[in-house]
Ligand code: G6P
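Residue numbers (the working numbering): 36 to 503.
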């Protein structure tokens, strides 16, 4: 394969392994917004994507899937434990999400993080063409920008941070705080979800490294004594709206939505939560508030059902194991106290579903509950809004999500305030169709105008400016 002008580096490759009838393996691109946004660019520029296949000890040569050139990075079982489950998901993830769970600091995990980041950087540096572009994604790979720059000073480097960046008082806990900042500053453009994330990052750079910061520009001193400018600012990510609009208009999906409502006993109102089973999502807070409304008789299982999809995630990390136990205990209690033969309080689904089924659920739901305690963006909120082609439905949205900066017409909540969540649920359940329509129209305009293409174009044009 010729060198690639454009190389994406992310922890995961955008593919799922599918087994053929004779057990032979093939790979299919997974339907993520990021792939959709980058696909045209990948095709027109001989793009390549560097990432992990998602299983330990799998060695694969580069291959093509649906016309995208994929470069697998192999991780041993110990690296999966120390780099992915350890440093990425038990140190950085909880620290960057406001220490909702206590971050674990282990020197061996940091060593594994450095080793694996170097492997990704080497793969990208080997793949990229002279004067090409490398776009690094997310918290698993914060050291990669600087490592690529050392290997390939000719290349333009972008980094996008999909999760929150914490306030300095929290960030300062990280024993490797200066190294991580240096790693990120290897990029020409460092993108964040919210303006607040960029501000926190700039504060950390100023306070820890004492580099000069002017607006979004950072003066990064180079080894030869010169100064390079890095830019850090917000580029709020979005969804690929087209497949959601198509599915929402599809009669088979609409029929499925009606079928879902019927199978729940045609309640007057269906409430919906859709999350990875993660402690950042505020699932417990949401369930607690809903359970109290039932206990107080303000809601009844004859009229309402909460459907909670909690897709399995990071199941070998302790905090996730405990969270699952807590949620399932709470769901069991609430159902035990409230269910009748014909109606359930909470239909809890610890499963992942294809996009068609998710859209049918969105169409079936009168109220979408997004109560994250902290979330970089929360694309579920945008997916729900995009599918509401009839301008009905209510979005309850935590103010601690990136989406809250844009989706101003949602019913806003502080998920820590259980009485406030209860009031928001009641507001949503009782909202008149006229009020729903007024809010939903404005929410939809926002999401449809700022889709994932707009996001990638604005990031890539900032990178172009950096190149000049
Ligand atoms: C978040 C992160 C992504 C990550 C995803 C799923 O959205 O920002 O980088 O891929 O969660 O988590 P997982 O650990 O399964 O990759």
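All C-beta atoms, glycine included, are put in the ideal place defined by N, C-alpha and C.
Going by the DSSP bridge assignment, what does residue i pair with across the sheet?
i	result
residue 346	311
residue 106	85
residue 383	343
residue 410	436
residue 403	307 and 430
residue 51	63
residue 494	Its beta-bridge partners do not exist; DSSP assigns none.
Taking 8 Å as the cut-off, is the CB of residue i close to at least one heavy atom of the ligand G6P?
i	result
residue 206	no
residue 3	With the chain running from 36 to 503 in the structure shown, residue 3 is simply not present.
residue 198	yes
residue 175	yes
residue 301	no
residue 265	no
residue 311	yes
residue 385	no
residue 121	no
residue 348	yes
residue 132	no
residue 426	no
Can you find the residues in the same chain that come closer than 6 Å, C-beta to C-beta, to residue i, ignoring five residues on each side of it along the sequence?
i	result
residue 51	63 and 65
residue 269	227, 229, 230 and 233
residue 98	105
residue 296	399
residue 445	430 and 432
Excluding five sequence neighbours on each side, which residues of the same chain lie with their C-beta closer than 7 Å to the C-beta of residue i?
i	result
residue 274	68, 414, 417, 418, 421, 486 and 487
Cβ of residue i within 9 Å of Cβ of residue j?
i	j	result
residue 133	residue 408	yes
residue 264	residue 302	no
residue 425	residue 305	no
residue 148	residue 117	yes
residue 55	residue 197	no
residue 490	residue 225	no
residue 92	residue 111	yes
residue 42	residue 123	no
residue 312	residue 345	yes
residue 218	residue 177	yes
residue 127	residue 194	no
residue 138	residue 125	yes
residue 170	residue 494	yes
residue 223	residue 244	no
residue 387	residue 450	no
residue 181	residue 221	yes
residue 44	residue 164	no
Comparing the C-beta of residue i with each C-beta of chain C, is any distance below 9 Å?
i	result
residue 486	Absence of chain C from the displayed structure is noted, only one protein chain being present.
Using a Cβ-Cβ cut-off of 8 Å (strictly less than) and excluding sequence neighbours within five positions of residue i, which residues of its own chain qualify?
i	result
residue 288	282, 391, 394, 395 and 398
residue 448	406, 431, 432, 433, 434, 455, 456 and 459
At 3 residues or longer, what runs of the beta strand (DSSP E) sit wholly inside the segment 190-262?
191-195, 224-227 and 252-256
Which runs of the alpha helix (DSSP H) spanning at least 4 residues fall entirely within the segment 113-161, listed in chain order?
128-131
Scan the segment 419-449 and note each continuous beta strand (DSSP E) run of 3 residues or more that stays entirely inside, going in chain order.
429-433 and 446-448
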